[in-house]
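K.L.:
Structure in structure tokens, see below.
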Amino acid sequence: MKEQRQLKPQRTSKQWQTRLQSRERRSGASNKVYTDNPFETLEALQAKIIEEVDKIPLDMIRAAFSDHKRRLEECVRRNGASVEIC
Numbered sequence: 001m002k003e004q005r006q007l008k009p010q011r012t013s014k015q016w017q018t019r020l021q022s023r024e025r026r027s028g029a030s031n032k033v034y035t036d037n038p039f040e041t042l043e044a045l046q047a048k049i050i051e052e053v054d055k056i057p058l059d060m061i062r063a064a065f066s067d068h069k070r071r072l073e074e075c076v077r078r079n080g081a082s083v084e085i086c
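Mapping the sequence shown onto UniProt numbering, position 26 (from 1) lands on 26, and the numbers just tick up by one.
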């Protein structure tokens, strides 16, 4: 008898929208840093990176760390196996 594969539950459109908005926010900072390219000096680039990182909302940073912690815990639970948690 052929073994049935478990499928991941399908995401709703709201979940996709939230995920896409999250990705846009994450990539937004790097886009802002490099729009003024080329930088005259390494120090100017560093200053721009610091300026943009300082604009990232604290709740977004907390959410990223919380998600990362959840993924690490799941990886440990699976004895190091690959993890994809949405």
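By construction, the Cβ of each residue, glycine as well, lies at the ideal position given by its N, Cα and C atoms.
Tell me the rounded alpha-carbon separation between L7 and R77.
P.N.:
Bear in mind that the predicted position of L7 carries a pLDDT of just 48, short of 50, making it too unreliable to give a figure here.
K.L.:
Is the CB-CB distance between E74 and V83 below 7 angstroms?
P.N.:
With contacts defined as CB atoms closer than 7 angstroms, E74 and V83 qualify as a contacting pair.
K.L.:
What separation, rounded to the nearest whole angstrom, lies between the Cα atoms of F39 and K69?
P.N.:
35 angstroms
K.L.:
Per DSSP, what kind of secondary structure is residue 89 in: helix, strand or coil?
P.N.:
Beyond the ends of the chain as shown, which are 1 and 86, falls residue 89; an answer cannot be given.
K.L.:
Alpha carbon to alpha carbon, how far is I49 from L58? Give it in angstroms, no decimals.
P.N.:
16 angstroms
K.L.:
By DSSP, does K55 sit in helix, in strand, or in coil?
P.N.:
Three-state DSSP puts K55 in coil, outside helix and strand.
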